[in-house]
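Heads up: the protein sequence lines correspond to chains A and B, in order. If you read the first sequence in our numbering, its first letter stands for residue 338, the second for the next number, and so on. If you read the second sequence in our numbering, its first letter stands for residue 6, the second for the next number, and so on. The beta-carbon is built from N, C-alpha and C at its ideal position, and this holds for glycine as well. As structure tokens, the structure follows; a few thoughts come after it.
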Amino acid sequence: MQSGIRRATIALVVGGVLTLVAFIGTFFWAAVPNFGFVRVPEQVESVRYVGPFQQEVDEPRYLTSYVDHTVTVVADGEEYEGRLVEVSEESIVIATDTGDAGAPQTTIDAADFESATVTGFEYGRADWGQKIFYFHVPVAEISFLVFGFAAFYSLRFIMTRKREYDMKARISMEVTLTFVTLTMITGILWTKAAWGVWWDWEPRLTTYFILTLLVVAYFVLRNAVEDEERRALYAAAFCILAFVDVPISFFITRLIPSNHPVIERGGLEGPMLVTFIVAQIGMIALGYAIYQLRMGEMLLKDRLETAKTRLEG
Amino acid sequence: MEMHPTLKEIYDLVLTQWPLVAAAYAVLWAALVVYIGLAIRRLNALGKQIEVLEAAVERRATTG
């Protein structure tokens, strides 16, 4: 038991230091990626300059997004170049900048429109919401991993009927519940930051929500059965069945179309990748520390019961 | 100099992400610290109870 507490302490210190390092890396080292881009007419310092762009437009209505941009419009066989001033259903107005004081603007009949080329500059929009990723993903991964341990201990219990495995499975599920809850909370906040909504019934979110319900159901089941032997057996069987949702939830974003981002090989640059890996190791250490602490607590409770029985006897 | 309306919109969008990021980290750290803190506290309390009980068992054993 003492060695368990020692292991928990070491894991707690290692996990604490690593997650702190990852936290600092997240906000002070890893770059803030661009959340899409915008095309604005002026370059301003605090919006990141990405580069020039050229866009072909085949219908006049699409030009409404490009007022103030430089355009080349082909209409009725003729070419007009200048700054786009106004677009309506009837006409397109261009400041041709020809130097002709009498005619600084040219009005083109929208019916004569054939095509247009818009040129300008693209600017990145800093995606601060991405900072949630560094801890949201490791926490989600730990929830999958510890659920795997719970299923393994459940299987061992069914095979051996040793109470020790039931206890290990239950504690693993407790750790899973903690990390599943954290994944859901950080995930919902990220969804709001990235997609503008609190929830979306897309494949990953839906399967993970089912996973959350299954983890909660595991504890409901345990509380519903009074007989210790039957409770352990039913819980073990349920845990193994519920674990089926883990690979489904993990791989679903790779199997069917999903809005949820997927980390691809080479998708993270140096500091981002290092921060992410450090956060992952830190979270694994913290997950292990929590498991060992709860395990130590259970063993102490057992010792307490034994001591009480001896005292009463 | 007045900010271009499009840029103002960009800044508003970027800034609205901040409270969500702060909330995510606040919840994460608070939950872990509280959970681990409570586990350690319960562990210490149990350890003390066991010491007292085992000392009582020992005393009873020696006094017969």
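For residue i, which of the options has the nearest alpha-carbon?
{"i": "I508/A", "options": "W538/A, T456/A, D537/A and A573/A", "result": "A573/A"}
{"i": "Y490/A", "options": "T549/A, M510/A and A622/A", "result": "M510/A"}
{"i": "H597/A", "options": "T433/A, D446/A, T544/A and W366/A", "result": "T544/A"}
{"i": "I547/A", "options": "R631/A, A531/A, N560/A and S586/A", "result": "S586/A"}
{"i": "E501/A", "options": "V351/A, L636/A and Y399/A", "result": "L636/A"}
{"i": "L25/B", "options": "W465/A, R647/A and A644/A", "result": "W465/A"}
{"i": "Y460/A", "options": "E426/A, P389/A and K505/A", "result": "P389/A"}
{"i": "Y386/A", "options": "I445/A, F458/A and V354/A", "result": "F458/A"}
{"i": "D719/A", "options": "E63/B, A31/B, I55/B and Y40/B", "result": "Since the displayed chain A opens at 338 and closes at 650, residue 719/A lies outside it and no answer follows."}
{"i": "Q22/B", "options": "F365/A, I347/A and T528/A", "result": "T528/A"}
{"i": "M609/A", "options": "G353/A, I347/A, S340/A and G362/A", "result": "G362/A"}
Grab me the residues of residue i's own chain with a C-beta within less than 8 Å of its C-beta, minus the 5 sequence neighbours each way, in chain order.
{"i": "A36/B", "result": "none"}
{"i": "T549/A", "result": "V517, T518 and M521"}
{"i": "V599/A", "result": "T590 and R591"}
{"i": "W532/A", "result": "N596"}
{"i": "S428/A", "result": "T444, I445, D446 and A447"}
With residue i as the anchor, note down where its alpha helix (DSSP H) starts and where it stops.
{"i": "L514/A", "result": "R500 to W532"}
{"i": "V410/A", "result": "Element bounds for V410/A: not the alpha helix (DSSP H) but the beta strand (DSSP E), T407 to A412."}
{"i": "E478/A", "result": "F470 to T497"}
{"i": "R462/A", "result": "Run containing R462/A: none in the alpha helix (DSSP H); it sits in the beta strand (DSSP E), F450 to A463."}
{"i": "A579/A", "result": "E565 to F580"}
{"i": "P540/A", "result": "P540 to A561"}
I'd like to check one pair, residue j with residue i: are the Cβ atoms closer than 9 Å?
{"i": "R409/A", "j": "V430/A", "result": "First, the residue type needs correcting, since residue 409/A is Thr and not Arg in the sequence shown. Taking 9 Å as the Cβ cut-off, T409/A and V430/A do not qualify as a contacting pair."}
{"i": "R568/A", "j": "L578/A", "result": "no"}
{"i": "V512/A", "j": "G624/A", "result": "yes"}
{"i": "G604/A", "j": "I342/A", "result": "no"}
{"i": "P370/A", "j": "F450/A", "result": "no"}
{"i": "I627/A", "j": "T515/A", "result": "yes"}
{"i": "E391/A", "j": "Y403/A", "result": "Before going further, note that residue 391/A is Gln rather than Glu in the sequence given. No, the pair does not count as a contact, with Cβ atoms beyond the cut-off."}
{"i": "A432/A", "j": "I469/A", "result": "no"}
{"i": "A345/A", "j": "L630/A", "result": "yes"}
{"i": "L33/B", "j": "A644/A", "result": "no"}
{"i": "T646/A", "j": "W366/A", "result": "no"}
{"i": "L648/A", "j": "L51/B", "result": "no"}
{"i": "G619/A", "j": "V354/A", "result": "yes"}
{"i": "F481/A", "j": "K505/A", "result": "no"}
{"i": "Y571/A", "j": "V562/A", "result": "yes"}
Between which two residues does the beta strand (DSSP E) containing residue i stretch?
{"i": "S428/A", "result": "S428 to A432"}
{"i": "D446/A", "result": "Q442 to D446"}
{"i": "S402/A", "result": "Element bounds for S402/A: n/a, residue is neither H nor E."}
{"i": "A644/A", "result": "Looking at the DSSP string, A644/A is not in any beta strand (DSSP E); the run it does join, the alpha helix (DSSP H), is G607 to E649."}
{"i": "E423/A", "result": "E415 to V424"}
Excluding the 5 residues flanking residue i on each side, which residues of the same chain have their C-beta closer than 7 Å to its C-beta?
{"i": "A616/A", "result": "T356, A359, Y471, F472 and P475"}
{"i": "L551/A", "result": "A579 and D582"}
{"i": "A488/A", "result": "C576, I577 and F580"}
{"i": "E426/A", "result": "A447"}
{"i": "D395/A", "result": "S452"}
{"i": "P584/A", "result": "none"}
{"i": "I45/B", "result": "none"}
{"i": "S340/A", "result": "none"}
{"i": "F484/A", "result": "T513, F580 and V583"}
{"i": "V351/A", "result": "A622"}
{"i": "L492/A", "result": "I577"}
Please go through the same chain and pick out, in chain order, the residues whose beta-carbon is closer than 6 Å to the beta-carbon of residue i, but skip the five residues on each side of it.
{"i": "Q467/A", "result": "P370"}
{"i": "E423/A", "result": "V430"}
{"i": "G42/B", "result": "none"}
{"i": "D503/A", "result": "F494 and A569"}
{"i": "P540/A", "result": "I589, I593 and S595"}
{"i": "L349/A", "result": "A626"}
{"i": "T456/A", "result": "Q391 and T407"}
{"i": "A463/A", "result": "V369"}
{"i": "A66/B", "result": "none"}
Are any of the Cβ atoms in chain C nearer than 9 Å to that of residue i?
{"i": "F472/A", "result": "In summary, chain C is missing from the structure at hand, where the protein chains are A and B."}
Would you be able to state if there are at least three C-beta pairs under 8 Å between the stretch 461–480 of chain A and the stretch 517–530 of chain A?
yes
Between the stretch 418–432 of chain A and the stretch 393–410 of chain A, can you find at least three pairs of beta-carbon atoms closer than 8 Å?
yes
Would you say the stretch 487–502 of chain A touches the stretch 447–466 of chain A, given that touching needs at least three Cβ pairs under 8 Å?
Too few Cβ pairs lie closer than 8 Å, so no.
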